[in-house]
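Asks:
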């Protein structure tokens, strides 16, 4: 029985004639960045209000792939998944002091009984309240809970599509510790997991010391995806040192870059996208909100906390920034909405049957396939395949098919090759794996 | 490479000593229903505010299993998954007329620029706006989009835990059609999928004609899980006819039940839980919001729409209502947080190594395993295993283990058997499958 095997059976084969992926002819004036333009043009997202987007089928498949990678990395370092509320009571934010401190980025609302709530931009208060009263002893520590959840931050000027939205998807993890050593250890494990997540998303990045900002605490590292059009500015050195220029404050002089504090060499400047950040919170939340445990001597202590965030929807945009050309997106295989596109230029039942057999054979190996079976000109199909960015295209051309072969094109390099019909599946798998 | 195989690697083996599943000693006074009490006691959920709950690791594993089943059934009838915003602009609700009609259950908020928004209790406006301007021709129809998303309804009196919460998880699907026949056909396909979902969740249910309420439209069917303590009341006949008593309005006389309208026989009364509902919306939203397509003659027409909802968090509660006893939950295997619990009553390295090997072998077959390795009395472990409700318990007792065998206990029937250590994995798999 399917339920017993607990296998995911995603819609592994999709036909373009059925796919809801409307292309966009006129781009909005505020779409400046490649990731914003391409996400709209390729039918990944649509704007529902300023800074608020809907994910269409192709875009949401990418989101689910990013979420899968993040879940695997969190589970691998012993984190446990929970789901915390979007709507949070004001009292908890008053206890931590952030109800007043947070400012207008915190969206507030009253319920029908005039009780005040906010939409969670982050979940320190909710998680501290959740574990308060449930942990008793040092033996209950350490542990880490995480969630993948919608968040809302009422940005004064939402822009750049998913890069600076108001409603966004985030993975946030919260850890609880009885000692600084234990917090340090998990902070390192999270940082290493974040590096692996960037690698698996094929994101070139730099880890930089960062400001803790409204979250609080004292130690923080930010993972910046390198990008020409990011919102963050970083300086870095060949020795491996990198820093957000914000940490230099008003003293920073763009025309007179400081020497590397680690090796003294001259540094370079670049602009980045903040895809994730880890924080040591210390006892800021446990102390203000009264979360205590008893140590070995029976004395009440405040646990030390860490929090660890990955911008999921922002990561989608960062990957597009790093993986595109003038024709469209070039998805890394790990998160592509489909891994193979079969372009049907040859009509007739035989070609259709071949595509069906090839797709079924690939799907059986866990490879998702998009078949372009639309009644469109070849040029339209070539352009849309490049725009959507499936890593490998299989072109079933008229003359080729009659001669018993198909053409393979790697989206990233443009490299082309041919395969006989009989060896098409094997060749596709081998080409994808290399 | 893991990413290429696209396999889910859930945390298939968990140790109770590490699991964040705090048990609750004192139940809140408002916890009247078995599902509410047991979800709290077993550490599935915690209340964060009135009608607003956090899902702990065990509870969220069940939610993800229900979501998987719903996704599979939606994908199987050709629906495509999207993600629509939680925060929705007032203008769209003003266009449909529901901004005024909906009343205080619609949670409203102003952003920092004093623009009005609401938290989506349902997504007809957002989806109609999304496809408006993107579909052009009758050839673009029919199609169905669905999402699994957080919703918010500001209930005047939230109660019964997840059954009548304010923030809840729902699957909602929306279909678009060029003809009534096409709508009827998909409405039937959805109804059949809903019946399969109830079956796969092991929910005994009745499908009844229903009122369209605030959603609008004219035709609706509700799927009521049979329960002693549900909020809905239904009458049903042996011939298969069933109806929500609400559809009889003020005329309904509990002491003088109407005859079955289909066969004339006397009917019976019972209380149900509304787990899902399907609606034919007609052109209510397409007409008020100006969503048009061109028919074959080039004339502008309003698509007919349907919408189809499954309460995900409510389904969790409904399953507990139908599957529990005085000792705790009896999860159906399809959605159990773990399928097997290994209770370690025997100490020592040999027993621990045996449990590790057994769990690894089961996990390789897609069976999730919870090992109770806590330093607790046997009685505590027995009670917690029954409370959490894993379908099969493997009891590694002191004397049994020394004699080379373990005991198996089926949670649902209480049936016990033994297996030799060498055959434990095979016996567990066979017992689960029967």
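Protein chains in written order, with this note's numbering: chain A, 987 to 1420; chain B, 987 to 1420. Backbone N, C-alpha and C define an ideal beta-carbon position, used for all residues, glycine too. Remember, predicted model here, so these are calculated numbers, not experimental data.
Is there a Cβ of chain B sitting closer than 8 Å to that of residue 1209 (chain A), yes or no?
Replies: no
Asks: Within 8 Å (strictly less), CB to CB, does residue 1086 (chain A) reach chain B?
Replies: no
Asks: With a cut-off of 8 Å, does the C-beta of residue 1006 (chain A) fall near any C-beta of chain B?
Replies: yes
Asks: Cutting at 6 Å between CB atoms, please list the residues of its own chain near residue 988 (chain A), excluding the five before and the five after it.
Replies: For residue 988 (chain A), the predicted structure reports a pLDDT of 37, less than 50, and the residue's modelled location is therefore unreliable. A value from the coordinates is still provided. Excluding positions up to five away in sequence, the list is empty.
Asks: Does the beta carbon of residue 1296 (chain A) come closer than 8 Å to any beta carbon on chain B?
Replies: no
Asks: Three Cβ pairs or more, each shorter than 8 Å: is that satisfied between the region 1082-1101 of chain A and the region 1261-1278 of chain A?
Replies: yes
Asks: With distances taken Cα to Cα, identify the nearest neighbour of residue 1312 (chain A) among A:1373, A:1347, A:1354, A:1290.
Replies: Comparing Cα positions, the closest option is A:1373.
Asks: Whose Cβ in chain B lies nearer than 7 Å to the Cβ of residue 1098 (chain A)?
Replies: 1090, 1140, 1142
Asks: Using a Cβ cut-off of 7 Å, pull out every chain B residue sitting near residue 1072 (chain A), in sequence order please.
Replies: 1072, 1136, 1153
Asks: Is there a Cβ from chain A that is less than 8 Å from the Cβ of residue 1149 (chain B)?
Replies: When Cβ-Cβ separations below 8 Å define contact, residue 1149 (chain B) makes no contact with chain A.
Asks: Buried or exposed: residue 1051 (chain A), going by 16 or more other Cβ atoms within 10 Å of its Cβ?
Replies: buried
Asks: Is residue 1114 (chain B) close to chain A, meaning its C-beta is less than 8 Å from at least one C-beta of that chain?
Replies: Interface flag for residue 1114 (chain B) against chain A is unset, since no Cβ pair is found closer than 8 Å.
Asks: Taking the alpha carbon of residue 1262 (chain A) as the point to measure from, which residue in A:1045, A:1240, A:1182 has its own alpha carbon closest?
Replies: A:1182
Asks: Strictly by DSSP, which residues pair up with residue 1103 (chain B)?
Replies: DSSP output for residue 1103 (chain B) lists B:1075, B:1095 as bridge partner(s).
Asks: Assign residue 1185 (chain B) to buried or exposed, taking buried as 16 or more other Cβ atoms, counted over all protein chains shown, within 10 Å of its Cβ.
Replies: exposed
Asks: Have a look at residue 1411 (chain B) and residue 1208 (chain B) and give me their C-alpha separation to the nearest angstrom.
Replies: 42 Å
Asks: Within the same chain, show all residues whose beta-carbon is closer than 7 Å to that of residue 1044 (chain B), passing over the 5 residues directly before and after it, in chain order.
Replies: Around residue 1044 (chain B): 1007, 1028, 1029, 1030, 1323, 1374.
Asks: Which ranges does the beta strand (DSSP E) cover as unbroken runs of at least 3 residues, wholly within the region 1336-1362 of chain B, from first to last along the chain?
Replies: 1355-1358
Asks: Measuring only between beta-carbons, confirm whether residue 1120 (chain B) sits less than 8 Å from chain A.
Replies: yes
Asks: So with CB distances below 8 Å, who are the chain A contacts of residue 1040 (chain B)?
Replies: 1068, 1069, 1070, 1071, 1112, 1116
Asks: To which residues of the same chain is residue 1038 (chain B) closer than 6 Å at the C-beta, ignoring the five residues directly before and after it?
Replies: A distance below 6 Å between beta-carbons, with the five flanking residues on each side excluded, links residue 1038 (chain B) to the following residues of its chain, in chain order: 1152, 1153.
Asks: Going by DSSP in three states, residue 1314 (chain A) sits in which element: helix, strand or coil?
Replies: DSSP places residue 1314 (chain A) in strand when its eight states are reduced to three.
Asks: Does any CB atom of chain A fall closer than 8 Å to the CB of residue 1107 (chain B)?
Replies: no
Asks: How would you list, in chain order, the residues of chain A whose beta-carbon sits under 7 Å from the beta-carbon of residue 1300 (chain B)?
Replies: Chain A residues near residue 1300 (chain B): none, gap ~15 Å exceeds 7 Å.
Asks: Give the range of the alpha helix (DSSP H) segment to which residue 1051 (chain B) is assigned.
Replies: 1043-1062
Asks: Counting pairs of Cβ atoms below 8 Å between the region 1327-1338 of chain B and the region 1232-1245 of chain B, do you hit three or more?
Replies: no
Asks: Hey, could you find the ends of the beta strand (DSSP E) residue 1163 (chain A) is sitting in?
Replies: Residue 1163 (chain A) -> beta strand (DSSP E) spans 1153-1163.
Asks: CB residue 1329 (chain B) to CB residue 1377 (chain B), shorter than 8 Å?
Replies: no
Asks: Residue 1308 (chain B) and residue 1189 (chain B) look like a contact to me (Cβ under 8 Å); what is the Cβ gap, rounded to whole Å?
Replies: 6 Å
Asks: When you compare the CB of residue 991 (chain A) with every CB in chain B, is at least one pair closer than 8 Å?
Replies: The predicted model places residue 991 (chain A) with a pLDDT of 37, which falls under 50 and marks its position as unreliable; any figure quoted below should be read in that light. Residue-level contact check: residue 991 (chain A) touches chain B, since one or more beta carbons of chain B fall below 8 Å from its beta carbon.
Asks: Excluding five sequence neighbours on each side, which residues of the same chain lie with their C-beta closer than 6 Å to the C-beta of residue 1398 (chain B)?
Replies: 1316
Asks: Could you name the residues that DSSP lists as bridge partners for residue 1137 (chain B)?
Replies: The partner list for residue 1137 (chain B) (beta bridge, DSSP) reads B:1154.
Asks: Could I get the ranges of all uninterrupted beta strand (DSSP E) runs contained in the region 1176-1223 of chain A, with 3 residues as the minimum, in chain order?
Replies: 1191-1195, 1205-1212, 1218-1222
Asks: Ordered along the chain, which non-local residues of its own chain (more than five positions away) have a Cβ less than 7 Å from that of residue 1105 (chain A)?
Replies: 1072, 1073, 1093, 1138
Asks: Taking the alpha-carbon positions, what's the residue 1252 (chain B) to residue 1131 (chain B) distance?
Replies: 41 Å
Asks: Based on the DSSP secondary-structure assignment, which residues constitute the bridge partners of residue 1402 (chain A)?
Replies: A:1395
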